[in-house]
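Each number in my numbering comes from the position in the sequence shown (counting from 1) with 142 added on.
Every residue, glycine too, gets a C-beta built ideally from N, C-alpha and C.
Values in this document were obtained by computation on a predicted structure and should not be read as measured data.
Structure first, commentary second.
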Amino acid sequence: MLANHYDPLLVAISFVIAILAAWTALNMAGRVSTSEGRAAWLWLSGGSIAMGIGVWAMHFIGMLAMDSVMSVRYSPGLTALSMLVAIASSLFALWLVSVDKLRLKRLLPGGVVMGTGVVSMHYIGMAAMEVDPAIVWDYRWVTLSVIIALIASFAALWLTFRLRHEAAQVALMRFGAAVIMGIAIAGMHYTGMMAAHFPQQMTMDHRGVDGNWLAVLVSVITLFILGITLLISMLDARLQARTALLASSLAKANTELAQLALQDPLTRLPNRVLFEDRLDQAISQSNREERPFALMFMDLDGFKAVNDAFGHDVGDKLLMAVTERLQEPLEGQYTLARIGGDEFVLLADIQAPDDAARLADALVQSIDKPFIIDPYELVVTLSAGIAIYPHDGQNERELMFNADAAMYHTKHSGRNGYHFFQPSMNTFAQQQLQLMNDLWVAEERGELRLHYQPKFEALSGTIIGFEALLRWEHPTKGLLSPDLFLPLAEKTGIIIPMGNWVINEACRQLGEWRAQGQHSWSMAVNLSALQFEQPTLIETIMACLVSHAIPPEMLILEVTETTAMHNPEQSVAVLTRLTELGVKASIDDFGTGYSSLLYLKRLPASELKIDRAFVKELKGEGEDATIVSAIVALAQTLNLRVVAEGVETQEQREFLTQLGCSTLQGYLLGRPVGAETIRIES
Ligand code: C2E
Ligand code: CA
Ligand code: CA
């Protein structure tokens, strides 16, 4: 019997291929487990083909490396089968390690299956050698090769699973693992070969092909396949890492944004939005568990003075210090929020009203010590009001309102303390609450009305248009004028839907008049500051114009100076956009606000309405006459039409006309009336 001899170069190549196949396996496992759906399947199938071919090629080249003088033929069927077994084992191995958790229960049988696969591949490959006389097997070596195959498979699976997600930093570790796995694969092969004793020196007869050429061909193809697979997998891994980085920074930005929307940026306390949500939850929880909770309104006494005297910086620092002190006595479940300049609210779980009293007392005490805001020593105190759910209010609105009323009661009775809400405490607040509840449903119940006051051309006395003025037909109180409900509507935000109703109704009415032949009339609508700050305002207005077929220049938006000054930059932007679309703007109540001339110049208005306070006192000479003539002169240089409102006497009418006011409006000429009273003369 002859010992086997090997070609050292081919042996070396077989080792390199084994290591590369192992390296591919590690990469593929990472790809499969981090991809999803179709991509995962592609990696699994492509990866196992590359890996299987790699492992198989290693064995095949290992066999070719054997120097022999005996004649050998390879059965193509069995050779192909051995390759298929290699691919199938790879597929199984990759699938096994791509799961989230690899337990011993799974790893052990997995190693057995894979080891069996490798052993089968090897011995099928050997069986493909058609040698005569037949190979003599040494079963001790066969057993050893099977043991090595099992241990190697087991170790390979475990290493691959562990290292599949490791990043580039451990590339060296991965490479080491690939080397060990490669040596194990090759080791199994060469032990298997030791088991085979060829009775006669073989001469290679690979169907006429030179054995070395076959080895080179198989090596090149295998290296090519493995190389391509590795390259693609590395590119994909890089891409995936970049995408993951982007996704995580996006997620971070999102959380920050969400936080900003719910948090007061200065004190980091919840803001009004989040607080209302918590209050809502507290009410549901309280209903479920039949337990009360306390809502406390807190307002600092003397904060405004500090802000005015020392500036906003100091004011901000004081607010942060106050926040800290307010948090000291709080324990258990609570929500402390800042809902306005120096307004805080607290939601706290309580067993009995006494708990709320103790808490309120502790909070008041905590603020009643000087604050050191370098270099100042500042003194502020706390006024609080408490409402208990469900006793002092059935819903969020009532509860907030009543806690607020109790807080005002504290303010009016000496500050620096707290009061529980009591129904008798504040009938005004009660009425306001009732009115507010009614106001919420006024629009849907169809209680809103518009009255129209005519505007006249001063010289000819013809009507040039109307101003729409809101009225509320209250079910018990009768027709209410805006000063009775507008402040409330503005405070609660109801002004937004209400204002939209006004715009639409005014446009609808004008459309009706136009249909009856009045094409020269314009319509003026008043806008509140809150409405003016709505991003959807322009859209709403344009939609109303379109739906009632009103030319934009027939609509005049009346905005007071104070409204426009609330957010000057935005006001200029909104009015500019609207005038570009053709809508006209009018500056209402002129003379009562800031009257910044520079700013006025930037507002794209076409009309200026002198406030009726000036008109009221108007006599031949005197201060008001001087102011009115100055306003008229100013308006003329700015190319604005001047409207005088509140004209009640003939004397005022003549004087204003003389001064150069082009339009007049007032009780003398026409009171605000319902549309049904306005006669159309054609
Ligand atoms: P305004 O824009 O200055 O409207 C003129 C107010 O003066 C009207 O009061 C009108 O009835 C009254 N008025 C007209 N001529 C005379 C007069 O000769 N003498 C006197 N003493 N008063 C006269 P009204 O209708 O009570 O409206 C009060 C304010 O409510 C309005 O002041 C306006 O700022 C606001 N308003 C009215 N309707 C709306 C609306 O639909 N939306 C908004 N946001 N505000 C509105
Ligand atoms: Ca007005
Ligand atoms: Ca006015």
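Cut-off 8 Å between Cβ atoms - residues of its own chain near residue i, not counting five sequence neighbours on either side
| i | result |
| --- | --- |
| residue 264 | 201, 224, 287, 291, 330, 331 and 334 |
| residue 476 | 488, 489, 490 and 491 |
| residue 799 | 600, 601 and 806 |
| residue 474 | 490 and 491 |
| residue 316 | 165, 168, 305 and 308 |
8 Å contact criterion, which residue i and residue j should meet: CB distance rounded
| i | j | result |
| --- | --- | --- |
| residue 600 | residue 805 | 6 Å |
| residue 562 | residue 528 | 5 Å |
| residue 683 | residue 645 | 6 Å |
| residue 769 | residue 745 | Not confirmed; about 20 Å, so no contact. |
| residue 720 | residue 699 | 7 Å |
| residue 416 | residue 404 | 4 Å |
| residue 277 | residue 340 | 6 Å |
Secondary structure of residue i, DSSP reduced to three states
| i | result |
| --- | --- |
| residue 617 | coil |
| residue 709 | coil |
| residue 340 | coil |
| residue 405 | strand |
| residue 481 | strand |
| residue 273 | coil |
| residue 643 | helix |
| residue 511 | coil |
| residue 677 | coil |
| residue 668 | strand |
| residue 832 | With the chain covering only 143 through 824, there is no way to say anything about residue 832. |
| residue 489 | strand |
| residue 519 | strand |
| residue 306 | coil |
| residue 577 | helix |
| residue 350 | The pLDDT assigned to residue 350 is 46, lower than 50, so where the model puts this residue is not dependable; a value taken from the coordinates is nonetheless given after this. The answer is coil: DSSP assigns residue 350 none of H, G, I, E or B. |
| residue 780 | coil |
| residue 607 | strand |
| residue 412 | strand |
| residue 692 | coil |
| residue 747 | coil |
| residue 685 | helix |
| residue 143 | For residue 143, the predicted structure reports a pLDDT of 38, less than 50, and the residue's modelled location is therefore unreliable. The matter cannot be settled from this model. |
| residue 829 | Not covered by the structure: residue 829. The range shown for the chain is 143 to 824. |
| residue 752 | strand |
Own chain partners of residue i with C-beta closer than 7 Å, once the 5 adjacent residues on each side are dropped
| i | result |
| --- | --- |
| residue 283 | 333, 336 and 337 |
| residue 777 | 750 and 784 |
| residue 435 | 424, 428, 489, 490, 491, 492 and 531 |
| residue 470 | 508 |
| residue 820 | 594 |
| residue 815 | 593 and 594 |
| residue 631 | 581, 637 and 640 |
| residue 544 | 529, 534, 535 and 563 |
| residue 177 | 185 |
| residue 813 | 595 |
| residue 472 | 478 |
| residue 360 | 199, 202 and 203 |
DSSP beta-bridge partners of residue i
| i | result |
| --- | --- |
| residue 816 | 593 |
| residue 218 | According to DSSP, residue 218 bridges with nothing at all. |
| residue 527 | 439 and 561 |
| residue 599 | 805 |
| residue 730 | 702 |
| residue 208 | 148 |
| residue 476 | 490 |
| residue 622 | 614 |
| residue 697 | 665 |
Residue from the options with nearest C-alpha to residue i
| i | options | result |
| --- | --- | --- |
| residue 748 | 696, 165 and 150 | 696 |
| residue 638 | 618, 676 and 789 | 676 |
| residue 158 | 231, 258 and 323 | 323 |
| residue 661 | 673, 205 and 822 | 822 |
| residue 215 | 271, 181, 547 and 596 | 271 |
| residue 825 | 674, 633, 621 and 689 | Here the chain covers residues 143 to 824 and nothing more, so residue 825 does not appear. |
| residue 190 | 180, 171 and 203 | 171 |
| residue 624 | 653, 669 and 656 | 669 |
| residue 449 | 441, 440, 439 and 460 | 460 |
| residue 797 | 809, 760 and 788 | 760 |
Beta-carbon proximity list for residue i, same chain, < 6 Å, skipping 5 on both sides
| i | result |
| --- | --- |
| residue 257 | 291, 292 and 295 |
| residue 613 | 591, 593 and 621 |
| residue 367 | 192 and 195 |
| residue 355 | none |
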